[in-house]
Amino acid sequence: MTECNRDDIDCRTAVEKLWDYLDEELTPERMDDVRRHLERCGECLPHHDYARVFLAALSAAREGETRAPDALRRRVIDSLRAAGFTS
Amino acid sequence: MGTNDADAGLVREMSASSDTTRERDLRFEAEALPFIDDVYRFALSLTRDAADADDVVQETFLRAYRSWHTFQPGSDARRWLFTITRNVFLRSRERERRHVDLEDGDLEALNTFAAHSDMVRDGSDQILSRIDLAPALRRALDELDEPFKSAVLLVDLEDQSYEAASQILGVPIGTVRSRLFRGRRILQDKLITYARDAGFSTAQRGQRGSKDD
Numbered sequence: 020m021t022e023c024n025r026d027d028i029d030c031r032t033a034v035e036k037l038w039d040y041l042d043e044e045l046t047p048e049r050m051d052d053v054r055r056h057l058e059r060c061g062e063c064l065p066h067h068d069y070a071r072v073f074l075a076a077l078s079a080a081r082e083g084e085t086r087a088p089d090a091l092r093r094r095v096i097d098s099l100r101a102a103g104f105t106s
Numbered sequence: 005m006g007t008n009d010a011d012a013g014l015v016r017e018m019s020a021s022s023d024t025t026r027e028r029d030l031r032f033e034a035e036a037l038p039f040i041d042d043v044y045r046f047a048l049s050l051t052r053d054a055a056d057a058d059d060v061v062q063e064t065f066l067r068a069y070r071s072w073h074t075f076q077p078g079s080d081a082r083r084w085l086f087t088i089t090r091n092v093f094l095r096s097r098e099r100e101r102r103h104v105d106l107e108d109g110d111l112e113a114l115n116t117f118a119a120h121s122d123m124v125r126d127g128s129d130q131i132l133s134r135i136d137l138a139p140a141l142r143r144a145l146d147e148l149d150e151p152f153k154s155a156v157l158l159v160d161l162e163d164q165s166y167e168a169a170s171q172i173l174g175v176p177i178g179t180v181r182s183r184l185f186r187g188r189r190i191l192q193d194k195l196i197t198y199a200r201d202a203g204f205s206t207a208q209r210g211q212r213g214s215k216d217d
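Residue numbers (our numbering), protein chains in the order written: chain E, 20 to 106; chain W, 5 to 217.
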C-alpha cells in the first residue's frame, strides 16, 4: 500500500473513522491522522465533542449495580450440581 | 500383570480422575462463577425480561460447565461466558438470525454525523442537554433491536474491543463495526424523539438566553 500524506485526510475520511477513533480502534498512525484533522477542522470537532458526550452517557447507562438475584444463584448451582458439579 | 496390580492401577486412575474433576470444578467455581452478575446483566439487557434472563443465565452456566474443557486457561472467562450467553439468547430468538448486515461502518458513521449536522442546524442538538441522558439511554437500549443491541451492549457498556465483540458474536469485525455504528445512530434518533415527546422543542434554541426556569 502506498503511503499517503498523513497530514491530509479530508473531512469525509475523518468522520468515517470518528467512532473508531473514539473507540481507540485505529492504528497509531490513523489515530494521529484523525487527531490532527480534528485539531484544525472546525467542522469536524463539534462532531467529535458530541460523540464523546454520547459515548460517555452510554457507558454511564450501564446498570452498575445489577446483581444476579440470590434465587438465581441457587438455581444455577443446583443445575450445575445436577450436571455433576462438585463444589 | 496380576489382579492386584490391575486393581491398584484402576484405583490410581479413578483417584486421578476424581482429582481432575475436583480441580476442574474448583477452577470453574473460581474463574467462571464470579461472572454471574456480568452474565445476568448482559442477559437482562438482551432479553428485557427477568424470567427470560434467569433462564438464559442458568443455561449459560450449564453449557459453560459442560464445555469447560474447551476454555483456554488464562484467557478471558468473561468474554467466553458472553459468547455462550449470546448464543443461548439467539437460540431462543431464532428469527433474529435472518438479519442482513449492510457491512458498511464508514457509511453508518457518515450518516450519524450528517444527522448530527442537521441537529445542529435546527437546534435539536440542544435538546439533548435538557434531558437526563442515562435513563433515556437505558430506555432507548431496551427498545433497540438485535443485532444492533448486542454490539452496543458489548462495546459501549461492557467495554469489549471490536475484536472481542467479533469473537463473542461470531461475526467479522466489519460487521461488528456496522452494527455498532447503526445501533448508536438509532439510539441517537430515539433520544431526540424522547426529548420532543417530553415537550422540548427545537424552537427553544432562539430563546436559550431568556429561558431561566
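Just so it is clear, CB atoms sit at the ideal spot from N, CA and C, and this is done for glycine as well.
- Rounded to the nearest angstrom, the Cβ distance from residue 72 (chain E) to residue 65 (chain W) is 37 Å, too far for a contact under 8 Å.
- Looking from the CA of residue 70 (chain E), the closest CA among W:126, W:151 and W:121 belongs to W:121.
- Counting the other Cβ atoms within 10 Å of the Cβ of residue 76 (chain W) gives fewer than 16, which makes it exposed.
- Boundaries of the alpha helix (DSSP H) around residue 172 (chain W): 166-173.
- In chain order, 25, 26 and 29 make up the part of chain W whose C-beta sits under 7 Å from the C-beta of residue 105 (chain E).
- Following the DSSP letters along the chain, one finds residue 76 (chain W) in no alpha helix (DSSP H), marked with neither H nor E.
- If you compare the alpha carbons of W:176, W:68, W:171 and W:166 with that of residue 42 (chain E), the shortest gap goes to W:166.
- C-alpha of residue 153 (chain W) to C-alpha of residue 95 (chain W): approximately 16 Å in a straight line.
- Residue contact check for residue 179 (chain W) against chain E: no CB pair falls below 9 Å.
- The Cβ atoms of residue 138 (chain W) and residue 79 (chain E) lie closer than 9 Å to each other.
- For the set W:190, W:163 and W:149, the Cα lying nearest the Cα of residue 75 (chain E) is the one of W:163.
- Across the structure, residue 118 (chain W) and residue 112 (chain W) are spaced so that their CA atoms are roughly 10 Å apart.
- Closest in C-alpha terms to residue 61 (chain W), from the list E:87, E:67 and E:66, comes E:87.
- Non-local C-beta neighbours of residue 34 (chain W) in its own chain, meaning closer than 6 Å and more than five positions away in sequence, are absent.
- Proximity to residue 176 (chain W) across W:45, W:25, W:109 and W:54 peaks at W:109, based on C-alpha coordinates.
- Less than 9 Å divides the Cβ of residue 45 (chain E) from the Cβ of residue 53 (chain E).
- In this structure residue 149 (chain W) is exposed. Its beta-carbon is surrounded by fewer than 16 other beta-carbon atoms within 10 angstroms.
- Taking residue 115 (chain W) as the centre and dropping the five residues before and after it, the same chain places the C-beta of 189 closer than 7 Å to its C-beta, in chain order.
- Neighbours of residue 95 (chain E) in chain W, taken as residues whose beta carbon is under 7 Å from its own, are 40, 61, 62 and 65 in chain order.
- In this structure, the beta-carbon distance from residue 90 (chain W) to residue 50 (chain W) falls below 9 Å.
- Bounds of the alpha helix (DSSP H) holding residue 187 (chain W) are 177-201.
- Listed along chain W is no residue with a C-beta nearer than 7 Å to that of residue 53 (chain E); the closest approach is about 12 Å.
- The alpha-carbon separation between residue 45 (chain W) and residue 131 (chain W) amounts to approximately 30 Å.
- One alpha carbon belongs to residue 201 (chain W), the other to residue 174 (chain W), and they sit about 38 Å apart.
- The Cβ atoms of residue 77 (chain E) and residue 124 (chain W) lie no closer than 9 Å to each other.
- Nearest to residue 97 (chain W) by C-alpha distance, out of W:67, W:52 and W:85, is W:52.
- Chain W has no Cβ within less than 9 Å of the Cβ of residue 59 (chain E).
- From the listed residues W:183, W:161 and W:144, the smallest Cα separation to residue 199 (chain W) is found for W:144.
- Unbroken alpha helix (DSSP H) stretches of 4 residues or longer found wholly inside the region 25-54 of chain E: 30-35 and 37-41, given in chain order.
- Listed along chain W is no residue with a C-beta nearer than 8 Å to that of residue 48 (chain E); the closest approach is about 18 Å.
- Exclusion of the five residues before and after residue 68 (chain W) leaves 36, 85 and 88 as the residues of its chain whose Cβ lies within less than 7 Å of its Cβ.
- The straight-line gap separating the alpha-carbon atoms of residue 30 (chain E) and residue 47 (chain W) is approximately 39 Å.
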